[in-house]
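This note's numbering runs 70 ahead of the 1-based position in the sequence shown.
C-beta: ideal position from N, C-alpha, C; glycine also.
Remember, predicted model here, so these are calculated numbers, not experimental data.
Report on one structure; see the data block that follows.
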Amino acid sequence: MKEKLLEILEKAKNEVKSAEVMNQLEDFRIKYLGKKGELTKLLKEMGKLSKEERPVIGKLANEVRSSIEGILEENKKVIKEKEKNARLQSEVIDVTRAGKINKVGHKHPLSLVLDEIKTIFIGMGYKIAEGPEVDTVYHNFDALNSPEDHPSRSLSDTFYITDDILLRCHTSTVQIRTMMNQKPPIKVISPGRCFRSDDIDATHSPMFHQIEGLVIHKDITMRDLKGTLDTFAKRLFGVNTRTKFRPHYFPFTEPSGEVDVSCFKCSGSGCRICKGSGWIEILGCGMVHPSVLEECGIDPEIYSGFAFGMGLDRIAMLKYEIEDIRLFFENDMRFIEQF
Ligand code: PHE
71 MKEKLLEILE KAKNEVKSAE VMNQLEDFRI KYLGKKGELT KLLKEMGKLS
121 KEERPVIGKL ANEVRSSIEG ILEENKKVIK EKEKNARLQS EVIDVTRAGK
171 INKVGHKHPL SLVLDEIKTI FIGMGYKIAE GPEVDTVYHN FDALNSPEDH
221 PSRSLSDTFY ITDDILLRCH TSTVQIRTMM NQKPPIKVIS PGRCFRSDDI
271 DATHSPMFHQ IEGLVIHKDI TMRDLKGTLD TFAKRLFGVN TRTKFRPHYF
321 PFTEPSGEVD VSCFKCSGSG CRICKGSGWI EILGCGMVHP SVLEECGIDP
371 EIYSGFAFGM GLDRIAMLKY EIEDIRLFFE NDMRFIEQF
């Protein structure tokens, strides 16, 4: 039996040394020391030994067991070290290699100007309102007091989806939606896309952007309208900007006007940007028509208000001296990154 024990030890030593990966070591442990392993099997035969032999063989068996355990443990360390080195080799990082540059996006000039305009109005206590780009003829025309024969209603000016549904041709739809859903006081701006059946050229695009403004409260007068838009113009174009209110006509405001600002480039002396006039038109505005208030369930005897609408694309073109509106929609990064 002594010889057998030593034989097992010898065999185990050789086999374990040949192990290359962790799993193999575990297999060997089971093979020699496991419940059905070679050593255990041999020890089951101890009963056959004489009284004198038993303690001697027992002691030897224990020594063999701990020797095998020792060998396994030692090899475990060796293999672990080997595996670690192999990993370090394969995961080597060359810190001298040129890095990859991640391209970070750039804000579109329209977003930049919109952010500026939003900041100005939010600073004056306005909230942002939103409305759908596909809307009803009712929200776009009827509720805005637009006469049946108004030219902008024609198929050649507005994109119709059905007889009652269209792509909104201005953000004034949001005036109606806001007044129908909110009680005064109301103080909102609403930026968004609009659509008109215009041929594309340097200053026209069938898709463009407007920013609508609406204020409804008791005792709102033309003075509030003028003060608000004058403050806005000075914040956006510079403190020395002057504003001029010209009479105009919109079905949904009465009185109505258009606002010009003194040219921020030549300060009014006349240049290429203002086409020599010294003034630049930036928006339409007026006092909300009593019929519109009534249509939205607001009593015009108690409440009054003003509204305005400006073209974002046009303002951005003026501010950045961009000569062709099409550049906004071509998504050429060489253009976009200039602002
Ligand atoms: N909706 C008008 C337009 O598109 C602008 C406007 C808005 C005028 C609000 C007055 C009041 O031209």
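- A contact between stretches requires three or more CB pairs, one per stretch, nearer than 8 Å, and the stretch 135 to 142 meets this requirement with the stretch 75 to 90.
- Counting only the Cα atoms, I259 lies some 11 Å from M194.
- In the structure shown, K257 falls within a strand segment according to DSSP collapsed to helix, strand and coil.
- Apart from sequence neighbours up to five positions away, the residues of its chain that approach P370 with a beta-carbon distance below 7 Å are P360, L363 and E364, ordered along the chain.
- Sequence-distant Cβ neighbours of A89 in its own chain, meaning closer than 8 Å and more than five residues away, are L95, F98, N145 and I149.
- By the neighbour-count criterion, in which 16 or more other beta carbons inside 10 Å mark a residue as buried, T232 falls on the exposed side.
- Between H209 and I256, the C-beta gap is not smaller than 9 Å, which leaves the two residues out of contact.
- Counted as a single uninterrupted DSSP element, the alpha helix (DSSP H) harbouring Q245 occupies residues T243 to N251.
- When C-alpha distances from E400 are compared across A377, L180, G117 and F315, the shortest belongs to L180.
- The criterion of a C-beta distance shorter than 9 Å is not satisfied by F322 and L353.
- Pairwise C-beta distances place the stretch 271 to 282 in contact with the stretch 387 to 405, as three or more of them are shorter than 8 Å.
- Relative to the ligand PHE, even the nearest heavy atom lies 8 Å or more away from the CB of A199.
- Excluding five sequence positions before and after T243, the CB atoms of its chain that fall closer than 7 Å to its own CB belong to G201, D205, H209 and N210, given in chain order.
- Distance check between D227 and each of F265, M250, S216 and P261 places F265 closest, using alpha-carbon atoms only.
- Sorting I78, D234 and K147 by C-alpha distance to the C-alpha of V91 places K147 at the top.
- The distance from the Cβ of L299 to that of C355 is about 6 Å, consistent with a contact at the 8 Å cut-off.
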